[in-house]
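Chains as they are written, first to last, in the numbering used here: chain A, 1453 to 1610; chain B, 1453 to 1610; chain C, 1453 to 1610.
Below you can see the structure in the form of structure tokens.
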């Protein structure tokens, strides 16, 4: 892949990922990951201090699906909606088909009464690879939120 | 067109569209549409309920130009300025030269006293086609706002 | 360069530029500029009135480095962090290797207590050229902020 094509494919992956969440197609979300994967939400402060633990952690697509199933039962997600605005990926390296990239994001939360607020900003630290079917999939996504406060009860995928 | 080139051209169309609005070159705005077109602003809630009606509706470039002329007379638009941040288009289909795409957006409103607030978030649901002059133009843009409250007095193009 | 490749390279430049600031790698920031350059922060209102003066002004990479050194001594920057979300560049012209482009941005400020607010929106008005090492560098960046109020004490690069 040329650099331009790679950037295009990463950007397309991210926009599909975000649109699935924002359109409440949460069941599609685990499909963006590899079967064995890492998904973690943490904060910039935790990262700086070297804390490995994240607020949210999953290491397989099945675990991500369980998470969505639990969400659907709890119905927590119905109270608000979200809108992701995702920046241009910054490719760090590409080795043996594994792409390391860092991508800034901003998420707005929209309450049922119409009120909007800045929900989260940060970067996705990703390792992405091309699957047998030719699609790019996320092998690892560390969601590093800028704010030191991050709602631990957050249920929605980020 | 390759996928990368198509994405590039859609992104370029969107950024020119947004810059025209944000720089108060509103007279340029109808030129991004085909002569016979559909421009509608609605909400995610209305869409979900199957309401066809939108808050704002126009079905020709001439109607969009009339809208701008009315705005200029009313001078309503002068009170604030706006800044669009537009995400990566997600191409849904490309058939017989018509591209269906969905693109997230966020609009910040800047008051004359400097106060900024989140004005709107949502997605553009577009059908875009290549005109005889080679330019991409919008045949249909449904602006689906995330917030159920949307100021019906909104005058500015979104 | 094709148009798609040029857009890709401008977007990559901008995302690296923003990530350096947002990750507090401020010492890397002057390296995105040519040695003789122009960096200015101004407001849309000042631009409209034809005021040439900006809130912040530098005309060499050395001056930008001095600015960062002063910041590090003052430690002002440590109180908050920032997150840039940068839109798609709009290429105005490309002549003799110099690209004129305009790119919308939004910056969120994240306070140490976790509070987030809209810090600034605006456009970068850039002249970018390809250096001898093949890298694109900023020859001129006029940061035009939408808000008429812009904190003159702002220390962070924008």
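Where is the CB? At the ideal position from N, CA and C, for every residue including glycine.
Please read these numbers as outputs of a predicted model, since none were measured by experiment.
Taking just the CA atoms, how far does residue 1510(C) sit from residue 1581(B)?
In this structure, the CA atom of residue 1581(B) is about 44 Å from the CA atom of residue 1510(C).
Can you grab the Cα-Cα spacing for the pair residue 1589(B) / residue 1520(C), in whole Å?
Taken atom to atom, the span from the alpha-carbon of residue 1589(B) to that of residue 1520(C) is near 44 Å.
Which residue spans inside the segment 1508-1552 of chain C form an unbroken alpha helix (DSSP H) run of at least 4?
The segment 1508-1552 of chain C contains, as complete alpha helix (DSSP H) runs of 4+ residues, the segments 1513-1526 (chain order).
Residues in the segment 1582-1600 of chain A having any Cβ partner in chain C nearer than 8 Å
From the segment 1582-1600 of chain A, only 1598, 1599, 1600 have a Cβ closer than 8 Å to chain C.
Does DSSP put residue 1472(A) in a helix, in a strand, or in coil?
DSSP places residue 1472(A) within a helical segment (H, G or I) once states are collapsed to three.
Run the CB neighbour count on residue 1548(B), radius 10 Å, all protein chains shown included, and call it buried at 16 or more, exposed below.
A residue is called buried when at least 16 other Cβ atoms come within 10 angstroms of its Cβ; residue 1548(B) does not meet this threshold and is exposed.
Rounded to whole angstroms, what's the CA-CA distance from residue 1467(C) to residue 1576(C)? Just pull it up for me.
The alpha-carbon atoms of residue 1467(C) and residue 1576(C) are separated by roughly 13 Å.
Contact defined as beta carbons within less than 8 Å: I believe residue 1459(A) pairs with residue 1460(C). What is the distance between those atoms, to the nearest angstrom?
Correct: roughly 5 Å between the Cβ atoms.
With 16 other CB atoms within 10 Å as the buried threshold, where does residue 1506(C) fall?
Per the 10 Å Cβ criterion, buried.
Three-way DSSP call (helix, strand, coil) for residue 1599(B) in this model:
Residue 1599(B): coil per DSSP, three-state reduction.
Rounded separation between residue 1584(C) and residue 1486(C) - CA only
Between residue 1584(C) and residue 1486(C), the alpha-carbon positions lie close to 11 Å from each other.
Going by the beta-carbon positions, is the gap between residue 1600(A) and residue 1495(A) smaller than 8 Å?
Taking 8 Å as the Cβ cut-off, residue 1600(A) and residue 1495(A) qualify as a contacting pair.
Exposed or buried, what is residue 1592(C) when buried is set at 16 or more other beta-carbons lying within 10 Å of its beta-carbon?
By the neighbour-count rule (16 or more Cβ atoms within 10 Å), residue 1592(C) is buried.
Which listed residue (1525(A), 1471(A), 1463(A)) has its alpha carbon closest to that of residue 1556(A)
For residue 1556(A), the nearest C-alpha among the options comes from 1463(A).
Tell me whether the beta-carbon of residue 1562(A) lies closer than 8 Å to the beta-carbon of residue 1492(A).
The answer is no: Cβ separation not under 8 Å.
C-beta neighbour in chain C for residue 1571(B), strict 8 Å
No, residue 1571(B) does not count as interfacial toward chain C.
Am I right that residue 1536(C) and residue 1473(C) are in contact with their C-beta atoms under 8 Å? What's the rounded C-beta distance?
At roughly 7 Å, the Cβ-Cβ gap stays under 8 Å, so residue 1536(C) and residue 1473(C) are in contact.
Alpha-carbon to alpha-carbon, residue 1538(A) and residue 1554(B)
Rounded to whole angstroms, residue 1554(B) to residue 1538(A) spans 14 Å at the Cα level.
Only counting the same chain, and skipping five residues up and downstream in sequence, which positions put a Cβ closer than 7 Å to that of residue 1531(C)?
Excluding residues within five positions, the ones whose Cβ falls inside 7 Å are 1564.
CB-CB under 6 Å to residue 1559(B), same chain, minus the five flanking residues each way: which ones, in chain order?
So the list reads 1534, 1536, 1571, 1572, once near-sequence residues are dropped.
Proximity test, Cβ basis, 8 Å: residue 1549(A) and chain B
So no, residue 1549(A) is outside the interface.
Taking only beta-carbon atoms, is residue 1543(A) less than 8 Å away from chain B?
The C-beta of residue 1543(A) comes no closer than 8 Å to any C-beta of chain B.
Tell me residue 1557(C)'s beta-bridge partners as DSSP assigns them.
DSSP lists 1538(C), 1574(C) as partners of residue 1557(C).
Helix, strand or coil, according to DSSP, for residue 1591(C) in the structure here?
Strand at residue 1591(C).
Reference residue 1513(A); option with closest CA among 1500(A), 1470(A), 1497(A), 1488(A):
Closest in alpha carbon position to residue 1513(A), among 1500(A), 1470(A), 1497(A), 1488(A), is 1488(A).
Which chain B residues sit within Cβ distance under 9 Å of residue 1482(C)?
Ordered by position in chain B, no residue passes the 9 Å Cβ test against residue 1482(C), which lies about 26 Å from the chain.
Are the beta-carbon atoms belonging to residue 1541(A) and residue 1516(A) less than 8 Å from one another?
No.
Give me, in chain order, the residues of the same chain whose beta-carbon lies closer than 6 Å to that of residue 1598(A); leave out the 5 immediate sequence neighbours on both sides.
So the qualifying residues of the chain are 1496, 1573, 1574.
Look up residue 1579(A) in the DSSP assignment and give the residues it is bridged to.
According to the DSSP secondary-structure assignment, residue 1579(A) is paired through a beta bridge with 1552(A), 1592(A).
is_contact[residue 1456(C), chain B] using C-beta, thresh 8 Å
Chain B, which has a Cβ nearer than 8 Å to the Cβ of residue 1456(C), makes this yes.
Need the endpoints of the beta strand (DSSP E) that residue 1492(A) sits in, please.
If you look at residue 1492(A), you'll find it in the beta strand (DSSP E) that goes 1485-1495.
Could you confirm whether any beta carbon from chain A is found closer than 8 Å to the beta carbon of residue 1553(C)?
Not one chain A Cβ lies under 8 Å of residue 1553(C).
DSSP three-state label for residue 1569(A), please.
Correct three-state label for residue 1569(A): strand.
I'd like to know whether the C-beta of residue 1519(B) is nearer than 8 Å to at least one C-beta of chain C.
It does not: the Cβ of residue 1519(B) has no partner Cβ on chain C nearer than 8 Å.
Verify the CB distance criterion: does residue 1566(C) have a CB-CB separation below 8 Å to chain A?
Taking Cβ atoms only, chain A reaches closer than 8 Å to residue 1566(C), which makes this a yes.
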